[in-house]
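Chains as they are written, first to last, in the numbering used here: chain A, 41 to 400; chain B, 90 to 557; chain C, 15 to 90. Note that the Cβ used here is the ideal one computed from N, Cα and C, for glycine as well. Keep in mind it's a predicted model, so treat the numbers as computed, not measured. The structure under discussion appears below in the form of structure tokens.
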Amino acid sequence: MAFIEIKNLLKRFKKVVAVNHIDLDVIEGEMLTLLGPSGCGKTTTLRCIAGLETPEEGDIVIDGKSMLSEGFIHPSQRGLGMVFQNYAVWPHMKVFNNVAYGLKLQKISRKIVQERTQEVLELVGLEGLGERYPSQLSGGQQQRVALARALVRNPKVLLLDEPLSNLDAKLRENMRFEIKSLVKRMGITAVYVTHDQAEAMVISDRIAVMNSGDIVQIGTAREIYKQPANKFVADFIGTMNFMSGEIVQSPRDVDAVCVRTEFSEKVLCTTDSVTEATPGKKVYVSIRPEDVEVFTEPPQARENLFKGVIVHKAYLGNFLYFFINVNGTMIQAQVPHSLPQDEGQEVHLFLDPQKCMVLF
Amino acid sequence: MSRGNIILAAFLWLIVAFFILYPLSILLQESFTITGTDSWGISNYLEFFKDTYYLRVLGNTLLLSMFVLLTTTVFGVPLAYILARYRHRGKTIFTALILLPIVLPAFAGVFAFIIFFGKYGTLNLLLMNTGLIETPINFIYGLHGLVFVQSLHMLPFIVLGLSAGFTNIDPSFEEAAEVEGASGFWRFITITLPLCTPSYLAGAVLVFLWPFTDWLTPMILGQTNLLPSVAYINIAYHFTDMHRKYMGIVAVVIAAVFCISLFLVARWWVEKKKYTGLSKGTTSEGRVIEPGPLLKMGAYAYLLFIAFIVLLIPIVLGLSAFSRRWVFEPFPTYWTLENFRLILLESPILIKNSFLYSGLALVFGVAFGLPAAYIIARSRVPGKDALDFVITLMLAFPGIAVGVGYMLAFWDKIPLARYWIIMPLALFARRLPWTFLLRRPRKYRARADSELFLPYRCLCCSRACSSA
Amino acid sequence: MMFFIMAFQEISTAIFLYRGGWETLPIGIYLNWHRGMEFGIAAAMAFLMIVITFILLLIASKIGGNMLKAAWSTDE
Ligand SMILES: Nc1ncnc2c1ncn2[C@@H]1O[C@H](COP(=O)(O)OP(=O)(O)O)[C@@H](O)[C@H]1O
Ligand SMILES: [Mg+2]
């Protein structure tokens, strides 16, 4: 069941269209990530959900209640929790008061406010720091204050805008899991914004990939990685070899799409990814480096077998990484086993047709 | 570190020592002198703090300071908020008008308001003509009038500081409060205002110090039992009574010490708490809001009201300047250029002097300011920070203290005060921090955290301490 | 420019130091008020000062940006 429904949302800043008629459903209890390059409209979408921006068109329904169509509901009335990119922890208040601020606004006894705040501070690992000022805390601790503040009122929805982007790498990786388990434990529906694909893949149940105001694809991390909807998604998530080409008529007996590329007259690709294989269409043959197979001797395969010369070879611990020149086209390959060939020597490549995608 | 720099720095120190430290030390020394003897002692100060009259004067001044601060704050907060946050037409012109008192001499305001609000001033006469009142209301003479005039003069400082605060605090602080459930006024009270306190304080300290500096306005309005006026009267009118003179000097020193300490405390505090330099964490640039129509009308009315009062100053003075015998009538009836003729005929020397002295002071200022800025910003001469500090302190120094110091220091031993050159020299010394800032803003601007505060503070201080 | 204007309006320092023939405009204003409550001349002088201030600001603003900026920019 969709807990947050975004329908046909449009937000403009003067002439810039920040969010372009998007539709998005967030299911109850799920953690959905808005992923995309900087400036693609993630923050704006999140701020529309929070009520900090007023969209020009469309509607947002949270828990069955419309936020826009029956009059604009002010952010203070929406009961959401939000973690800002810069934390926005109020510097003039002690940690405790920062966290308790939202609770104090409700008509609750002071004792309960006290207890609940302590509880949340413990939850995020800040016990004993309530009497400090934010300036006396590290970046990671301030981040936890922001998280505690957002969680203290037990909100049904938690919005997080690049909460980890200001932390150093090591801390960032730990916090990913910590935030995820915290949110899952509390059963909160969360919308998480990031431009870091690894972060998105770790933290989310589903990912919505955005590009210049549009949502390009929604799916689990696996779906988005394995079946990217287009070249943009494939490029943004992980590494991908793109070989530009043009669809040609495939032979009758082959169940594959045939593409003519610069390095070969015929590359066979899986049909899964294509809806219309009109001959003459300009496309990209795409394959992940780890799906490229590299051999010393030509293997027993009839199709998609190419010869190339190693340009770079790098040892990266549990695998080798190659840049291979195939008739002028550079193909990256990630090979789990060792190969005797060195830079400048010839190898054989097999591009499994089942793993070659046709993208636009 | 070159030899030239050291010589230059030494030379600057010499100037500072001779034109500032020396007169001020003489001032300090005189305040300790026991009447009729050559010996020193703290008896003058003891007397000051024992005498109920002086204590009352001190209390009055503090009280006035608080009233002025209160008034400027009450009027300044909404004003700054409107200017900083509301989207409306004519923002620039309103800002210019409301900040106008900065460039007007303080005494211009008093004169204008006496003519307009005085016992038989325009407002009273109008009210009496329409039959609303029988006898004139005393709008202006007295403490309330003083509070009014001084508040209006100092309002720009509060407004400048606060609106800088309102514009510069990170919008996400307020947005976070909104998301947490705080809306409107409560958010303003708990988040916006506290975050603006540093910038508010920068202005507030100057406002608070103004009654300790301004002696002329109280005298014109007949309120002489305030510290600077008492000091002035004691020194200027009682040349024969040496003891009263010393007590006046004591009053000057006390006012100066008070100003400097408060200034330093405020500076220290503001440096400690700076919220505005924090990074922006949201896409929206500042929070400019489109107010509802009713609110907008109210805001406009309020702006117009303040602008009207400010504009009264030049308008009333203008009317009065071109008229003759403007008394007992709400508006002048007899227009003439007589006043200007008199000025030009009888005392063109005044205008000439004004230009001459100010011009010379400016020349001194540039001659001092450029090398000083260079030494402090670029070189590593030892003691340059102390130089910076001394010059900055001058910002908070009451003009009356400089004047008295010069009068005492350059009369007997170094008889500089017998020559007219003393005038531009005094003006130059009085404005020393300013000369020195002439070439510094770029350095200040480069330091992001000071951007908001420093140039503005320098401006404020120097204006505030101009004491009319 | 601001420096000049401020020096121009300075009274509290000057009032202790002036002697016959060294009066400036602010002192003239003060004396006129003080001696005879002759508001007309004092007002005219004050008005003259405002006018001069504005002319100076105007000149400054011609050189460097708008009038407001000139009023409190610390640049020349
Ligand atoms: N307050 C604003 N005023 C003008 N343009 C804005 C504003 N906020 C965002 N934008 C523009 O909208 C687009 C989307 O911005 P944003 O949602 O912040 O992107 P993201 O968070 O994905 O980096 C950008 O092109 C940005 O320049
Ligand atoms: Mg963003």
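As the crow flies, the alpha-carbon of ALA253 of chain B is around 47 Å from that of PRO504 of chain B. Our two residues, PHE362 of chain A and ALA261 of chain A, have alpha carbons roughly 26 Å apart in a direct line. Residues of the same chain with a CB within less than 8 Å of the CB of GLU171 of chain A, apart from the 5 flanking positions on each side, are LYS134, VAL135, PHE136 in chain order.
When C:ALA60, C:ALA56, C:ILE73 are compared, the shortest CA-CA separation from ASN46 of chain C is found for C:ALA56. Taking 7 Å as the cut-off, the beta carbon of ALA345 of chain B is found no closer than this to the beta carbon of PRO112 of chain B. Exclusion of the five residues before and after ASP103 of chain A leaves PHE43, LYS196 as the residues of its chain whose Cβ lies within less than 7 Å of its Cβ.
In this structure, the C-beta of THR211 of chain B stays at least 6 Å away from each heavy atom of ligand 2.
If you draw a straight line from the Cα of ILE349 of chain B to the Cα of ALA355 of chain B, it comes to about 10 Å. In the DSSP annotation of this structure, the continuous segment of the beta strand (DSSP E) that includes VAL349 of chain A starts and ends at 345–355. Short of 7 Å from the beta carbon of PRO319 of chain A, and not among the five residues preceding or following it, lie these beta carbons of its own chain, in chain order: ILE287, VAL288, GLN289. Per DSSP, ARG193 of chain A lies in no beta strand (DSSP E) and is assigned neither H nor E. Secondary structure note for HIS61 of chain A: its beta strand (DSSP E) is the uninterrupted segment 56–67. According to DSSP, residue pairing for GLN372 of chain A in a beta bridge involves A:PHE363. Inter-residue distance for ILE228 of chain A and GLY381 of chain B is about 36 Å (C-alpha atoms, whole angstroms).
Within chain C, ILE19, THR67, LEU71, ALA85 have C-beta atoms less than 7 Å from the C-beta of VAL192 of chain B, given in sequence order. Boundaries of the beta strand (DSSP E) around GLN257 of chain A: 254–259.
For GLY180 of chain A, the CB contacts under 8 Å within the same chain, skipping 5 residues up- and downstream, are LEU207, LEU211, MET215 in chain order.
In the structure shown, ASP201 of chain A falls within a strand segment according to DSSP collapsed to helix, strand and coil. The beta carbon of VAL491 of chain B falls within 7 Å of a beta carbon belonging to chain C, placing the residue at that interface.
Taking 7 Å as the threshold, the shortest C-beta distance from LEU45 of chain C to chain B does not fall below it. Under the three-state reduction of DSSP output, ALA271 of chain B falls in the coil class, being neither helix nor strand.
Excluding five sequence positions before and after THR83 of chain A, the CB atoms of its chain that fall closer than 7 Å to its own CB belong to ASP201, VAL233, given in chain order. At least one heavy atom of ligand 2 is found less than 6 Å from the C-beta of THR83 of chain A.
Its chain contains PHE121, ILE123 as the residues whose beta carbon lies nearer than 8 Å to that of GLY130 of chain B, once the 5 sequence neighbours on both sides are disregarded; these appear in chain order. Residue-level contact by beta carbon fails for PHE397 of chain B and chain C, as no gap is shorter than 7 Å. Distances between the C-beta of VAL56 of chain A and the heavy atoms of ligand 1 include at least one below 6 Å. Within the same chain, ALA261 come within 6 Å of MET241 of chain A by CB-CB distance, once the 5 residues on both sides are set aside.
Residues PHE457 of the same chain have their beta carbon placed closer than 7 Å to that of ILE104 of chain B, with the five preceding and five following residues left out of the count. At a Cβ-Cβ threshold of 7 Å, VAL129 of chain A and ALA90 of chain A do not count as neighbours.
Residues of chain B whose Cβ lies closer than 7 Å to the Cβ of LEU120 of chain A are, in chain order, VAL268.
Around ALA274 of chain A, the same chain offers PRO268, MET280, SER326, LEU399 as residues with beta carbons nearer than 7 Å, after the five sequence neighbours per side are excluded. Listed along chain C are TRP36, GLU37, THR38, each with a C-beta nearer than 7 Å to that of ASN442 of chain B. Exclusion of the five residues before and after PRO131 of chain A leaves TYR173, PRO174, SER175 as the residues of its chain whose Cβ lies within less than 8 Å of its Cβ. Inclusion of ALA373 of chain A and PRO329 of chain A in the CB contact set at 7 Å is warranted, their separation being smaller than that value. Listed along the chain, the chain A residues whose CB falls inside 7 Å of the CB of LEU351 of chain B amount to none; the nearest CB is some 22 Å away. Contact between the region 495–504 of chain B and the region 427–446 of chain B is absent: fewer than 3 CB-CB pairs across the two stretches fall below 8 Å.
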